[in-house]
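Peer 1:
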Amino acid sequence: ASPARIPGGSSAGAAVARASVSQAIDQTATGGSVALSFTNDGTITEDAIANAVASAAATASAYMHGGGQFATGTTVSEGITNGGVYNALATANASGSVAHAAATVNYGLYQDATGGAVDLHTSNSGTMNLVASANAIGATASAGAVVNRGFTQDASASTSASEMLTNAAGGLLHVGRSA
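Here the sequence shown stands for residues 2 to 180, where the numbers follow my numbering.
#1: CA-CA distance, S3 and A100?
#2: Could you tell me whether the stretch 113 to 121 touches the stretch 86 to 98, where touching means 3 or more Cβ pairs closer than 8 angstroms?
#3: Could you give the C-beta distance for A16 and A53, rounded to a whole number, given that I count them as a contact under 8 angstroms?
#4: Measuring straight from C-alpha to C-alpha, what distance separates E47 and T31?
#5: Closest to G172 by CA distance: which of G74, D155, A57 and G84 is it?
#6: Beta-carbon within less than 7 angstroms of S179's beta-carbon, same chain only, minus the 5 sequence neighbours each way: which residues are those?
#7: Given T155, which residues of its chain have a CB within under 6 angstroms of its CB, disregarding the five upstream and five downstream residues?
#8: Taking only three categories from DSSP, how would you classify A25?
#9: Return the chain-ordered ranges of every beta strand (DSSP E) run that is complete within the stretch 44 to 106 and spans a minimum of 3 residues.
#10: Helix, strand or coil for S126, going by three-state DSSP, please let me know.
#11: Could you tell me the boundaries of the beta strand (DSSP E) in which R178 lies?
#12: Any idea what DSSP makes of Y111, helix, strand or coil?
#13: How many angstroms separate the CA atom of A142 from the CA atom of A103?
Next up, the structure:
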């Protein structure tokens, strides 16, 4: 039986494909009293996809640095509300006689703040997918997938800090990798 094929361009020689998305959605603010708010009730997809197909060597790599909030101030409040679908995905596919695929999600979704009083809060009643996937097909093949800090809250405060993640009934927070 023939091996499964990966869709994408093909080459008689070697193929290399690289895809990278860095902070597609990024809120940044500095000031005395700072408030950042992000609400999603629809579908947001940040997607890095690399496909390499060749008869000889094929190498594919995909890197995702998802969206987030960063603020510095005397008083800082950052809020993310997801009632829809939020995807931060890295997918690498390689097919060749020698195939290598690597996918990385670094900070799928993040909140980072520094100040006197810091409040970070995220509420999810929808679906959040923070996923790295790597597939390699060949006589010699290797695939690796890494998720580093799928969802992160980082508060640094001189007087008070609060971090809260609420995943409501029916909400799905999926942080995963497959290779």
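C-beta: ideal position from N, C-alpha, C; glycine also.
All values derive from a computational prediction rather than experimental measurement.
Peer 2: Reading it off the structure:
#1: Only weak support exists for where S3 lies, its pLDDT of 39 falling under 50; the coordinates are left without a value.
#2: Contact between the stretch 113 to 121 and the stretch 86 to 98 is absent, because fewer than three Cβ pairs lie under 8 angstroms.
#3: About 4 angstroms separates the beta carbon of A16 from that of A53, a gap short enough to meet the 8 angstroms contact definition.
#4: Rounded to whole angstroms, E47 to T31 spans 25 angstroms at the Cα level.
#5: For the residues G74, D155, A57 and G84, the minimum Cα distance to G172 belongs to G84.
#6: Only S134 and A146 meet the Cβ criterion.
#7: Note on identity: in this sequence residue 155 is Asp, with Thr being the wrong assignment. Contacts found: D113.
#8: Here A25 sits in coil by DSSP.
#9: For the stretch 44 to 106, whole beta strand (DSSP E) runs of length 3 or above, ordered along the chain, are 44 to 55, 58 to 66, 68 to 83 and 86 to 96.
#10: When DSSP states are grouped into helix, strand and coil, S126 belongs to the coil group.
#11: Where R178 is concerned, the enclosing beta strand (DSSP E) starts and stops at L173 to S179.
#12: Strand at Y111.
#13: Each residue's Cα considered, the two are about 11 angstroms apart.
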